[in-house]
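Numbering (UniProt numbering), first residue to last: 1 to 187.
Here is the structure we will look at, set down as structure tokens.
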């Protein structure tokens, strides 16, 4: 019985201590919240930017693991794709358009192809089934940087084919306008 009483006493003491800690923590947190409410908007923007950067970094790490474990890793080695190219193609295929745009730098070959002979535009149009402003802006960015609409993949299909097949009307229009601009420059 003495054992039972000591267990009860220890349990009740632990409960009381945790309640005290929780109460003191709640008081401290509310004080912190009140202090943070008094800060100006620039600090809030910095916090949201830090959150965005941390999300991007976690996505980047996720894609690195995904690439490492992917089935086409062997074929990518044969074609000597750079690590950045693999990361950009994976980001596009997974739908992380903002991350792909960050990874593309000044020295990046905008018309590079992956092991399936797909360009960045083909990969985006093939893997997308819904159209949003982010994807449309990314297509415009790629076209502005000099991405060609004409390349075909291993199946002989272009980005325009995949865009039309997946119902990406605005992206299809952008690609057709770019084709029209190319034909006008040639004449």
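No residue lacks a Cβ here, since even glycine has one placed at the ideal position from N, Cα and C.
Please read these numbers as outputs of a predicted model, since none were measured by experiment.
Note to self: Measuring straight from C-alpha to C-alpha, what distance separates residue 108 and residue 89?
What the structure shows: 12 angstroms
Note to self: Tell me which residues share the same chain as residue 145 and place their Cβ nearer than 7 angstroms to its Cβ, disregarding the 5 neighbours each side in the sequence.
What the structure shows: 110
Note to self: Which same chain residues end up closer than 8 angstroms to residue 166 when comparing Cβ atoms and leaving out the 5 residues on each side of it in sequence?
What the structure shows: 125, 126, 128, 129
Note to self: Which of the three DSSP states is assigned to residue 129 in this structure?
What the structure shows: coil
Note to self: To the nearest angstrom, how far is the alpha carbon of residue 177 from that of residue 113?
What the structure shows: 23 angstroms
Margin query: Comparing C-alpha positions only, which one of 85, 95, 116, 121 sits nearest to residue 104?
Written below: 85
Check: When we look at the beta-carbon of residue 155 and count the other beta-carbons within 10 Å, is it buried (16 or more) or exposed?
Finding: exposed
Check: Quick one: complete alpha helix (DSSP H) runs, 4+ long, within the region 83 to 159?
Finding: 83 to 94, 97 to 103, 120 to 127, 133 to 144
Margin query: Only counting the same chain, and skipping five residues up and downstream in sequence, which positions put a Cβ closer than 6 angstroms to that of residue 179?
Written below: 149
Check: Ordered along the chain, which non-local residues of its own chain (more than five positions away) have a Cβ less than 8 angstroms from that of residue 98?
Finding: 56, 134
Checklist line | C-alpha gap between residue 171 and residue 122, whole angstroms | finding: 11 angstroms
Next item on the list: Alpha carbon to alpha carbon, how far is residue 117 from residue 151? Give it in angstroms, no decimals.
Entry: 9 angstroms
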